[in-house]
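To start, the structure itself, in structure tokens.
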Amino acid sequence: MNTSADAHRAAVAAPAPTDFLGIDALLTDDERLIRDTVRAFVRDRVLPNIAGWFEDHTFPRAMAKELGDLGLLGMHLHGYGCAGTSAVAYGLACLELEAGDSGFRSFVSVQGSLAMYALWAHGSDEQKATWLPRMAAGDAIGCFGLTEWDFGSDPGGMRTYARRDGSDYVLNGSKAWITNGGIADVAIVWARTAGENGTDGAIRGFVVPRGTTGFSTRNIEKKLSLRASVTSELILEDCRLPADAMLPNVSGLRGPLSCLNEARYGIVWGALGAARACYESALEYAKTRVQFGKPIASFQITQEKLVNMMLEINKGLLVALHVGRLKDQGKAHSAHVSFGKLNNVRESLAICREARTILGASGITLEYPVIRHMNNLESVLTYEGTSEVHTLILGQALTGENAF
Ligand code: TGC
Ligand code: FAD
16 MNTSADAHRA AVAAPAPTDF LGIDALLTDD ERLIRDTVRA FVRDRVLPNI AGWFEDHTFP
76 RAMAKELGDL GLLGMHLHGY GCAGTSAVAY GLACLELEAG DSGFRSFVSV QGSLAMYALW
136 AHGSDEQKAT WLPRMAAGDA IGCFGLTEWD FGSDPGGMRT YARRDGSDYV LNGSKAWITN
196 GGIADVAIVW ARTAGENGTD GAIRGFVVPR GTTGFSTRNI EKKLSLRASV TSELILEDCR
256 LPADAMLPNV SGLRGPLSCL NEARYGIVWG ALGAARACYE SALEYAKTRV QFGKPIASFQ
316 ITQEKLVNMM LEINKGLLVA LHVGRLKDQG KAHSAHVSFG KLNNVRESLA ICREARTILG
376 ASGITLEYPV IRHMNNLESV LTYEGTSEVH TLILGQALTG ENAF
């Protein structure tokens, strides 16, 4: 005899392995459209080529224009040719791009959330009008120079100086590990101004176009992570800039940190794209790989691994969506972003490593995406604030004590 409980069970769709909690239903039609458009771009333009680009240690410059044509560069900014989407839509785009490769999400993060955001939030009208439309279109590439060889987690100690000389500034120093540096048309460089009587002044941002005398770049080679991304050193040797090259509207470390909030937010979503790609690859492999006369998906330990991956992806997505909705309401604190960056990157990296074990030896080649994603996430764990830095940001939010 049918009970009402049986009828209810029959009426409710069984959860899909790729969207177990039905999070898709929490998105708006516009958000789903943007998500699907980026997913199709990644399927058609990134996935067929990415293993080769990763192996060749290259980010194809022509992709900048394609990303611009799709409206993904500075997509959450308003005006100047930017798409002006919600934070959630931007996050979904980051997730889909990173399901292709972290290098593509990194390109979009650095272009839109670091270089363009710095100009958009802190630049003069002239700086914005000169650079933002070209950057949104993908006709000009930007980079963001904060880190130095000796100052990574502690950028406040930077030794790149901007000395006033008449109506100019003269920059000396170097920046390390700068995404897009070698292919950038313009660098946003953060430097300490030399104050009165040789004392240290405030940290300020400078707009440095490629071709400026005294400015050069050198690519960092032999990376085993983020190989489909250009990472460079920026070298400033008596690099003379007019006074109006300085970003006029922000002073101090909060300038670059305000940009990091934007890029870190994209990573909260993006890392889950890499995790999803590895989970789906492992699930598919487990169903077809036979050992001891049975698919390895039938072994309890394999199932436990897959279930744990699925749990963390769904939990991570709920965190990302919640932080995104807060951001769209103007209620996201930077510590909320640290919560998402710490949790979602840490869990995504664990998922990629676990997926690699399910693929056995096959998991170590570029035939499958898992070791590429796993290696990429080693960088993602470190850049935009290491997992330790975000732990201490959260620790300070809980206790009021600064443990840096
Ligand atoms: P602290 O004294 O705490 O703060 C200095 C000033 O900054 C303000 N502030 C923030 N403002 C906006 N957003 C935030 N998240 C902020 N955090 C702090 C703060 O209020 C203060 O303002 P004011 O006006 O009172 O002076 O600074 P601290 O020197 O103690 O450092 C704090 C710490 C460790 C959290 C910070 O230095 C940090 O986040 N370090 C990590 C560095 C980092 O993340 N670097 C990333 C470089 S870019 C990159 O990696 C790109 S990767 C490519 C890609 O994205 O794909
Ligand atoms: P360090 O700061 O030397 O840290 C080393 C270790 O010490 C870490 O585990 C760290 O967490 C730990 N540690 C440091 N301080 C503390 C503390 N107080 N308490 C506990 N542990 C601590 N930077 C840019 O400016 N622009 C870019 O575009 C950019 N792109 C990047 C691309 C890639 C591929 C990579 C790998 C890095 C990029 N970076 C960029 C630099 C990145 O932001 C730094 O690597 C990061 O901030 C960490 O700095 P570090 O590597 O010098 O490590």
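Each residue of the sequence shown is one higher than the one before, starting from 16 at the first, in this note's numbering. Glycine included, every Cβ here is placed at the ideal spot set by N, Cα and C.
Practice prompt. Ignoring anything shorter than 4 residues or poking outside the region 111 to 142, list the alpha helix (DSSP H) runs there in chain order.
Written response: 117 to 123 and 132 to 137
Worksheet item: At a cut-off of 6 Å, is Thr194 close to ligand 1 when judged by its beta-carbon and the heavy atoms of the ligand?
Response: yes
Worksheet item: Which residue or residues does DSSP assign as beta-bridge partners of Val222?
Response: Partner(s): Ile203.
Worksheet item: How many Å lie between Ala26 and Leu87 at the Cα?
Response: 39 Å
Worksheet item: With a Cβ-Cβ cutoff of 7 Å, do Phe35 and Asn359 count as a contact?
Response: no
Worksheet item: Are the CB atoms of Val283 and Gly188 nearer to each other than 7 Å?
Response: Cβ distance not < 7 Å, so Val283 and Gly188 don't count as in contact.
Item to complete: Check His351 in the structure and name its three-state DSSP category.
Response: helix
Discussion item. With a threshold of 6 Å on Cβ separation, who are the neighbours of Ala151 within its own chain once the five nearest residues in sequence on each side are excluded?
Written reply: Leu88, Gly89, Gly96 and Cys97
Discussion item. Cutting at 8 Å between CB atoms, please list the residues of its own chain near Ala301, excluding the five before and the five after it.
Written reply: The beta carbon of Ala301 sits closer than 8 Å to those of Pro310, Ile311, Ala312, Thr317, Leu321 and Ile373, all from its chain and outside the five residues before and after it, given in chain order.
Worksheet item: So is Arg279 buried or exposed if we call it buried at 16+ other beta carbons inside 10 Å?
Response: buried
Practice prompt. Would you decide whether Leu396 is buried or exposed? Buried here means 16 or more other CB atoms lie within 10 Å of its CB.
Written response: buried
Fill in: Ile311 (DSSP reduced to helix, strand or coil)
helix
Worksheet item: Can you give the Cα-Cα distance for Pro224 and Asp253, rounded to whole angstroms?
Response: 15 Å
Worksheet item: For Gly167, is the beta carbon positioned less than 6 Å from some heavy atom of ligand 2?
Response: yes
Discussion item. From the DSSP secondary-structure annotation, give me the bridge partner or partners of Arg178.
Written reply: Val185
Discussion item. For ligand 2, I want to know if Leu241 counts as a neighbour, meaning its beta carbon is within less than 6 Å of at least one of the ligand's heavy atoms.
Written reply: Yes, Cβ of Leu241 sits closer than 6 Å to a heavy atom of ligand 2.
Item to complete: Label Trp164 either buried or exposed according to how many other C-beta atoms from any shown protein chain fall within 10 Å of its C-beta, with 16 as the threshold for buried.
Response: exposed
Discussion item. Classify Glu299: buried if its beta carbon has 16 or more other beta carbons within 10 angstroms, exposed otherwise.
Written reply: exposed
Discussion item. Rounded to the nearest angstrom, what separates Leu268 and Ile218 at their Cα positions?
Written reply: 6 Å
Worksheet item: Hey, would you say the C-beta of Phe354 is under 6 Å away from at least one heavy atom of ligand 1?
Response: no
Worksheet item: Glu319 to His91, Cα distance in whole Å?
Response: 38 Å
Discussion item. Quick check: is any heavy atom of ligand 1 less than 6 Å from the C-beta of Thr208?
Written reply: no
Worksheet entry | CB of Trp135 within 7 Å of CB of Val201, strictly | no
Discussion item. Using 7 Å as the threshold, is the C-beta distance between Gly331 and Glu362 below it?
Written reply: Here Gly331 is near Glu362, since their CB atoms are less than 7 Å apart.
Item to complete: Pick helix, strand or coil for Ile379, following the three-state DSSP scheme.
Response: helix
Worksheet item: Does the region 111 to 128 touch the region 254 to 261, meaning 3 or more C-beta pairs lie closer than 8 Å?
Response: no
Discussion item. Alpha carbons only, please: which of Cys293, Asn264, Glu399 and Asn390 is nearest the one belonging to Ser139?
Written reply: It is Asn264.
Worksheet entry | For Gly167, the nearest candidate out of Gln411, Glu416, Ala418 and Val404 (CA to CA) | Residue nearest to Gly167 within the set Gln411, Glu416, Ala418 and Val404 is Val404 (criterion: CA-CA distance).
Item to complete: Report the rounded CA-to-CA distance for Leu112 versus Ser349, giving the unit in angstroms.
Response: 23 Å
Practice prompt. Give the range of the alpha helix (DSSP H) segment to which Ile386 is assigned.
Written response: Per DSSP, Ile386 is one residue of the alpha helix (DSSP H) stretching across Val385 to Thr397.
Discussion item. Can you tell me whether Gln306 is helix, strand or coil according to DSSP?
Written reply: strand
Worksheet item: Who pairs with Ser247 in a beta bridge, going by DSSP?
Response: Ile193 and Asn234
Practice prompt. Using 10 angstroms around the beta-carbon of Gln344, count the other beta-carbons present and answer buried if the total reaches 16, otherwise exposed.
Written response: exposed
Worksheet item: Whose CA, out of Pro63, Ile198 and Asp71, lies closest to the CA of Gly226?
Response: Ile198
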